[in-house]
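So the structure is just underneath, and the comments pick up after that.
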DNA sequence: CTGAAAGCGCTAACAA
DNA sequence: TTGTTAGCGCTTTCAG
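What follows is the structure in structure tokens.
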């Protein structure tokens, strides 16, 4: 079995107190004692028991990251950055996949099943504002990508309306007039898609165009397959846009894939712009124009929010609304150079 | 502050023992008592303290997943499947990114910093066989993708030599003769790349060809950028293969990207095959031929190994060597149909 | 500088 | 069926 502080103390002929001091390096220990204890530590291969420490400290050093899915490029990248940033703060990340399941999201927010994490970063898909607001929290929560600070939790997100507007405006600037929007999700309570749709429509109106419902193609999920399906639906309905703004890069890549298979020349006959700036987009044929959220900042600001809440008297600060900067990366999919 | 078992007991007028029984549902409790306790539980919004439970149980219910990076499509997908499979076993996954750093891998294996997880699944990059073997483990370990069972830990992997052989043989079957290999990593102790190289060479020799060192293009990492760099190096050196076997799909996609940019027609003039079957490959232009490891099985068998070690008297069973099945998905990048 | 001991919240062996 | 209580391994207050 694993050795405990007590065993080390016995071997070194000191009290557990002293061993603890040596291990943590907190209080000062006489050099001679330190050496003797260290020898015992090494001999027994002592490893502190984290559960006991946690119980004592009232903290676990764990933070939860709840995302719909880990396998999509966007969330994979984001999770990677969060894990990395958490390591720097000596936090460990436990990951939950909600699959956009409202029950799963609810369970995590309520902390049913026990107080395991010191804080939670959640990217809600299924839950709407009132559910996110309504319930009492047991740990600090950071909401990723929701619209406004809901009064009980900090929020970190890009300005989706503005970013979508800019992407659409960029397409308009190259003379496109029939711009499709792939990505509305009227069936979900989550507001991200609604915001991007709003930005898209704003841009059209500002250019003197009327948003055409036939050009707004809803999707059930946000992957390549859904984008492919949406483009197929458009083309099969005889609708032939001259540009596409997709609400995620994955959707854009799926749609572009189908368009090219159907003989549409990209970008000559159809330009594409996406959202998220995933790596695949940069290496696609042609490379995909995309809204670039500063993901590293999303990760770091989220952790900063948690840290502030965890280490400071609760409810001292009102809920924060952190807006993350973004850019538009213009690539060949919306230029005039073919791949 | 959060309420404890003791508070609930006081409110319900019973002992903590009874409350504990109600919470866990383990022992039988008189219906009347149960109702009263449940009411107190609800009123106080009781949430069990996981740290205390863990300390008591001697287990944390956590398993570690140590991978070089979470943001790459392959590891993202794998991590997703492992998290999912772990949830079914009521385990929570904590993720560590090693970045292929030998110290990080060593630290995790040794459990320096404390006994946090009940088991560890690690995909070693930097550490060689002897280091993986040498040290005593404090928790059960599953090695992902190493060559042979090293005597102290279970191993789960596809047959890399065979799979690489099959992919290369497929390229040979369509008449290709100058097949480049992109992906050797002579600087790493990790054996995966070496095994794929071995399979590639085996296939060539069986076809009566001599492996040509000029066609073997090493890489420093396994991403699109490295594949792009490798292809650039080949073309700049005046080497023009008629096919490429890349050791990962990402390398293949990067290489294919550059080839197309340089005006090479794919697959007519240059066929491509990769390894891992990531989603981007399936939606690439043209779709990428790839070795398809059964990732779900990798996840499930890994967890099965851990479960066996954790729940059974240690060292009862000798280290397992689990070989995961794979297939070759032939797509347009190695056919004769252009995108 | 070091030892003794309390107690973090929970479960389960032992009693009643 | 339920109460009492001894720890799980650690940190830290209080003495010395």
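Protein chains in written order, with the working numbering: chain U, 665 to 1003; chain D, 665 to 1003.
Built from N, CA and C at the ideal position, the CB exists for glycine as well.
What you are looking at is a predicted structure, and each value in this text was computed from that prediction instead of being measured.
- Using a CB distance below 7 Å, the part of the segment 924-956 of chain D facing chain U consists of 924, 943, 944, 947, 949, ordered along the chain.
- Contact annotation for residue 917 of chain U against chain D: 947 [CB-CB distance below 7 Å, chain order].
- Secondary structure at residue 844 of chain U: strand, using DSSP grouped into helix, strand and coil.
- Distance from the CA atom of residue 918 of chain U to the CA atom of residue 982 of chain U, rounded to whole angstroms, is 41 Å.
- Short of 6 Å from the beta carbon of residue 705 of chain U, and not among the five residues preceding or following it, lie these beta carbons of its own chain, in chain order: 672.
- By the neighbour-count criterion, in which 16 or more other beta carbons inside 10 Å mark a residue as buried, residue 900 of chain D falls on the exposed side.
- Contact annotation: in the segment 724-736 of chain D, residues whose CB is within less than 8 Å of a CB in chain U are 724, 726, 733, 734, 735, 736.
- At least 8 Å separates the beta-carbon of residue 737 of chain U from that of residue 951 of chain D.
- Per DSSP, reduced to three states, the secondary structure at residue 849 of chain D is coil, with no helix or strand assignment.
- Three or more beta-carbon pairs separated by less than 8 Å are not found between the segment 761-777 of chain D and the segment 765-781 of chain U, which leaves the two stretches without contact.
- Cβ-Cβ distances below 7 Å link residue 745 of chain U to 959, 960, 963 in the same chain, with the five nearest sequence neighbours on each side left out; the list follows chain order.
- According to DSSP, residue pairing for residue 896 of chain U in a beta bridge does not occur.
- Under the criterion of beta carbons closer than 8 Å, residue 987 of chain D and residue 822 of chain D qualify as touching, at roughly 7 Å.
- In terms of CA proximity to residue 739 of chain D, D:913 leads the group D:724, D:755, D:913.
- Sorting U:731, U:753, U:780, U:741 by C-alpha distance to the C-alpha of residue 762 of chain U places U:731 at the top.
- Secondary structure of residue 683 of chain U (DSSP, three-state): helix.
- If you look at residue 739 of chain U, you'll find it in the alpha helix (DSSP H) that goes 737-752.
- The CB of residue 775 of chain D comes closer than 7 Å to the CB of 711 in chain U, given here in chain order.
- The distance from the Cβ of residue 782 of chain D to that of residue 803 of chain D is about 6 Å, consistent with a contact at the 8 Å cut-off.
- Neighbours of residue 988 of chain D in chain U, taken as residues at a C-beta separation under 9 Å, are lacking, since the least C-beta distance is about 18 Å.
- Following the DSSP letters along the chain, one finds residue 724 of chain U in no beta strand (DSSP E), marked with neither H nor E.
- Every alpha helix (DSSP H) stretch that sits fully inside the segment 955-995 of chain U and reaches 4 residues is listed by chain position as 959-975.
- Taking C-beta separations shorter than 8 Å and ignoring five residues to either side along the sequence, the partners of residue 869 of chain D in its chain run 875, following chain order.
- Beta-carbon to beta-carbon, residue 847 of chain U and residue 911 of chain U are separated by about 3 Å, close enough to satisfy the 8 Å threshold.
- In the DSSP assignment, residue 756 of chain D forms a beta bridge with D:726.
- Judged by DSSP in its simplified three-state form, residue 672 of chain U adopts helix.
- Residue 832 of chain U is not bridged by DSSP to any residue.
- Assignment of beta-bridge partners to residue 761 of chain D by DSSP yields D:731.
- Against chain U, a Cβ distance below 8 Å from residue 981 of chain D picks out nothing, because the smallest value is about 20 Å.
- DSSP lists D:779 as the bridge partner or partners of residue 713 of chain U.
- A direct Cα-Cα distance of roughly 26 Å separates residue 956 of chain D from residue 873 of chain D.
- The C-beta distance from residue 966 of chain U to residue 806 of chain U rounds to 5 Å, short enough to meet the 8 Å contact threshold.
- With distances taken between CA atoms, residue 908 of chain D lies nearest to D:936 out of D:930, D:936, D:888, D:688.
- Collapsing the DSSP output to three states places residue 772 of chain U in a helix.
- For residue 962 of chain U, no CB of chain D lies under 8 Å from its own CB, so it is not counted at the interface with that chain.
- The DSSP assignment places complete alpha helix (DSSP H) segments of no fewer than 4 residues inside the segment 883-933 of chain U at 888-900, 913-925, in order along the chain.
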